[in-house]
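Read through the structure below, which is laid out as structure tokens, and then see the notes.
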Amino acid sequence: MFLNFSRQTLNKCAKKTNLILINSKYFSTKFNIDKESKKHGGELVASVLKVIFLFIFPLIFFSFLAHNVKEIFTLCGGHISPILVSSEQLGIKIYDTRHEVNAVFAADAVARLRQHIGVAAVTSGPGVTNTITSLKNAQLAESPVILLAGAAPSLMKGKGALQDIDQIPIIQSMCKFTARIINVEDIVPTLREAISVSQSGTPGPVFIEFPLDVLQSYQEVLRDASFIKNPDTPEKQNFNESVYQHIYRQFHNAWSHKEFGPLPVTIPKPNIEDITKIADILENAKRPLLLMGSQSTLPPLKTEQLVQIVNNLGIPTYLGGMSRGLLGANSPLQMRQNRKIAIKEADVILLAGAVCDFRLTYGKGFSPGTKVISINRSQEQMLKNHGVFWNSAATIQADVGLTLLELQNQMKERKWGGLEKCKEWIEMLREMEIKKEEDTAKKLAQKPDDGHMNPLVLLTAMDEVIPKDAILVADGGDFVGSAAYIVRPGGPLQWLDPGTFGTLGVGAGFALGAKAVYPERTVVIIYGDGSAG
Numbered sequence: 001m002f003l004n005f006s007r008q009t010l011n012k013c014a015k016k017t018n019l020i021l022i023n024s025k026y027f028s029t030k031f032n033i034d035k036e037s038k039k040h041g042g043e044l045v046a047s048v049l050k051v052i053f054l055f056i057f058p059l060i061f062f063s064f065l066a067h068n069v070k071e072i073f074t075l076c077g078g079h080i081s082p083i084l085v086s087s088e089q090l091g092i093k094i095y096d097t098r099h100e101v102n103a104v105f106a107a108d109a110v111a112r113l114r115q116h117i118g119v120a121a122v123t124s125g126p127g128v129t130n131t132i133t134s135l136k137n138a139q140l141a142e143s144p145v146i147l148l149a150g151a152a153p154s155l156m157k158g159k160g161a162l163q164d165i166d167q168i169p170i171i172q173s174m175c176k177f178t179a180r181i182i183n184v185e186d187i188v189p190t191l192r193e194a195i196s197v198s199q200s201g202t203p204g205p206v207f208i209e210f211p212l213d214v215l216q217s218y219q220e221v222l223r224d225a226s227f228i229k230n231p232d233t234p235e236k237q238n239f240n241e242s243v244y245q246h247i248y249r250q251f252h253n254a255w256s257h258k259e260f261g262p263l264p265v266t267i268p269k270p271n272i273e274d275i276t277k278i279a280d281i282l283e284n285a286k287r288p289l290l291l292m293g294s295q296s297t298l299p300p301l302k303t304e305q306l307v308q309i310v311n312n313l314g315i316p317t318y319l320g321g322m323s324r325g326l327l328g329a330n331s332p333l334q335m336r337q338n339r340k341i342a343i344k345e346a347d348v349i350l351l352a353g354a355v356c357d358f359r360l361t362y363g364k365g366f367s368p369g370t371k372v373i374s375i376n377r378s379q380e381q382m383l384k385n386h387g388v389f390w391n392s393a394a395t396i397q398a399d400v401g402l403t404l405l406e407l408q409n410q411m412k413e414r415k416w417g418g419l420e421k422c423k424e425w426i427e428m429l430r431e432m433e434i435k436k437e438e439d440t441a442k443k444l445a446q447k448p449d450d451g452h453m454n455p456l457v458l459l460t461a462m463d464e465v466i467p468k469d470a471i472l473v474a475d476g477g478d479f480v481g482s483a484a485y486i487v488r489p490g491g492p493l494q495w496l497d498p499g500t501f502g503t504l505g506v507g508a509g510f511a512l513g514a515k516a517v518y519p520e521r522t523v524v525i526i527y528g529d530g531s532a533g
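In terms of UniProt numbering, the sequence shown opens at residue 1 and continues consecutively.
Here's what the structure looks like:
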């Protein structure tokens, strides 16, 4: 009967009469706990990241791979060891870096190259604060990075434990989703939700904090709990009972989960009315221009499909961010030089994931009569500086690839014939391209007065000898700016740069991530001013 009273009532009674709150052996019967189990929360984390289920029928085997994470980047620390050990046991490779910033940079690179999630795990306190620059870089690059962090045991929170700080307020502004695990049974649903959120809508980083005691086994937590030895007063006995209660709640239903697989990912899709509107605009264009940004390469479309769509549209195209290399090295549609002039001359511009920030001079370069169509998953990015420096003829908040696919279908029905229709416009841009390359060739012959190497000569030589399947990592200032015009990625998803944050120092982490994804390929870091050293 005593057990039916509320917690508040019991506390009041304890204060007034020095009663012991609840005897642990009775309280424990209210919870479903496997006290003999050696399982721990780190196993649950690893199972969500990559567990294989086999369903066996007569002569038929079905396998199911959860989130198919192949690697975790870390700087190993005691608070996260259970995650790392369990993940390695399931075949997930563990890459131990020298600094947490590179662990997140590497996870960012994996997310971009695989068009999936990248995972980093760091210890608590300084391990978390060391990730801030790389996490912000991932946020602005719209990379679905999963950052798993350790924390002091929940029983010791706020009591001065090692590396115990309030981590979530520091991280929250940089993440789409943050959570602190309180009970072991929360690990699986929280991690599944975080992974889904990271890839839904506009992708971005997520953060989950794991106190050490939710990653340990029941017996380990019981062993390490801060019980008072020889509790000789009711207050001390009450404290010990409260510790028991905390542990019981923590491990209630800990191993009851059966679903570890992915939750649905929400991808914004275009509606037919919007597609018809931009098709009407494009149909009447004489000098259309397609500016593609990183978002254009996101799933669900594969890059091979996107290449076919761009070729079918037949519109002169400039590539930026992760879309660099999409059309190969010698596409008749791709332009690399004179973008400002092309933007000024175009009568219709499709911003396919491209954003009117500093990279497009905030939209100031658009001519007043130009009809601008902005396609982006993010409303904020879609309308960046809209109404201030530029105005749109149409906006579509949807996945770029799916929107271009539907646009291609409509233009095909209208017998658009883009490449032929844009022939004169393409020839004009190509002539300007040739002229610019001739000017660059003249600069190649110039020898710097200070006796240093001509950077254009070096970059041109690099472009000639780098394997066509190499992954190029661009890290630095002016030198990398020149490389973007001269060094040509051989194919899709072969170029990595910091993105809009312009972070110097991404090179080593990005290269580590790239080599993890493509161990047989050459990975080249183009280090420029301000990056290495």
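Cβ coordinates follow ideal geometry from the N, Cα and C atoms, glycine included. All values reported here derive from a predicted model rather than from experimental measurement.
Euclidean distance between Cα positions of residue i and residue j
i: histidine 67; j: proline 262; result: 6 Å
i: leucine 306; j: arginine 336; result: 19 Å
i: glutamate 235; j: serine 242; result: 10 Å
i: residue 534; j: leucine 75; result: Not covered by the structure: residue 534. The range shown for the chain is 1 to 533.
i: histidine 116; j: glutamine 199; result: 8 Å
i: alanine 285; j: asparagine 130; result: 50 Å
i: leucine 174; j: leucine 191; result: Reading off the sequence, residue 174 comes out as methionine, not leucine. Answer to the nearest angstrom: the Cα atoms are 18 Å apart.
i: asparagine 137; j: glutamate 71; result: 20 Å
i: alanine 445; j: threonine 317; result: 30 Å
i: proline 467; j: isoleucine 315; result: 28 Å
i: glycine 150; j: threonine 233; result: 35 Å
i: leucine 21; j: glutamate 185; result: Only weak support exists for where leucine 21 lies, its pLDDT of 45 falling under 50; the value from the coordinates is given anyway. Each residue's Cα considered, the two are about 25 Å apart.
i: alanine 279; j: alanine 121; result: 46 Å
i: aspartate 166; j: alanine 342; result: 50 Å
Selected residue, minimal CA-CA separation from residue i, among the options
i: aspartate 224; options: Leu215, Pro264 and Arg192; result: Leu215
i: glutamine 381; options: Phe510, Leu351 and His257; result: Leu351
i: isoleucine 396; options: Gly513, Glu438, Pro203 and Ile375; result: Ile375
i: leucine 333; options: Gly320, Val310, Val348 and Val355; result: Val310
i: valine 524; options: Gly477, Leu496 and Val85; result: Leu496
i: methionine 292; options: Gly325, Ala511, Leu135 and Ala46; result: Gly325
i: leucine 44; options: Asn253, Lys30 and Glu437; result: Asn253
i: leucine 528; options: His246, Ala508, Phe31 and Asp450; result: A quick correction: the sequence has glycine, not leucine, at residue 528. Nearest option by C-alpha distance: Ala508.
i: lysine 176; options: Leu90, Val465, Gly204 and Asp166; result: Gly204
i: leucine 155; options: Ala179, Ala103 and Ser226; result: Ser226
i: lysine 93; options: Phe366, Asn102, Asn454 and Phe73; result: Phe73
i: glutamate 36; options: Tyr218, Val119, Leu148 and Ala152; result: Tyr218
i: residue 538; options: Pro489, Glu413, Leu135 and Ala141; result: This structure does not reach residue 538, given that the chain is present from 1 up to 533, and the question cannot be answered.
Residue i (DSSP reduced to helix, strand or coil)
i: aspartate 274; result: helix
i: methionine 335; result: coil
i: valine 517; result: helix
i: tryptophan 255; result: coil
i: isoleucine 94; result: strand
i: glycine 150; result: strand
i: tryptophan 390; result: strand
i: lysine 443; result: helix
i: isoleucine 247; result: helix
i: valine 110; result: helix
i: tryptophan 425; result: helix
i: asparagine 183; result: coil
i: isoleucine 471; result: strand
i: glycine 118; result: strand
i: valine 209; result: Contrary to the premise, residue 209 reads as glutamate rather than valine in this sequence. Reduced to three states, the DSSP call for glutamate 209 is strand.
i: leucine 327; result: coil
i: isoleucine 195; result: helix
i: phenylalanine 358; result: helix
i: phenylalanine 31; result: coil
i: proline 189; result: helix
i: isoleucine 80; result: helix
Distance CB(residue i)-CB(residue j) smaller than 8 Å
i: glutamate 100; j: glycine 125; result: no
i: aspartate 399; j: isoleucine 267; result: yes
i: glycine 41; j: isoleucine 187; result: yes
i: proline 270; j: leucine 402; result: yes
i: leucine 512; j: asparagine 102; result: yes
Range of the contiguous alpha helix (DSSP H) that encloses residue i
i: aspartate 224; result: 218-224
i: glutamate 43; result: 41-49
i: glutamate 464; result: 455-465
i: tyrosine 485; result: 478-486
i: asparagine 376; result: It is not in any alpha helix (DSSP H) - asparagine 376 instead sits in the beta strand (DSSP E) that spans 371-376.
i: leucine 351; result: Not the alpha helix (DSSP H): leucine 351 falls in the beta strand (DSSP E), residues 348-352.
i: isoleucine 168; result: 168-171
i: isoleucine 228; result: Here isoleucine 228 belongs to no alpha helix (DSSP H), and DSSP marks it neither H nor E.
Residue range of the unbroken beta strand (DSSP E) whose run includes residue i
i: methionine 292; result: 288-292
i: tyrosine 318; result: 317-319
i: valine 69; result: Per DSSP, valine 69 belongs to no beta strand (DSSP E) and is neither H nor E.
i: valine 523; result: 523-527
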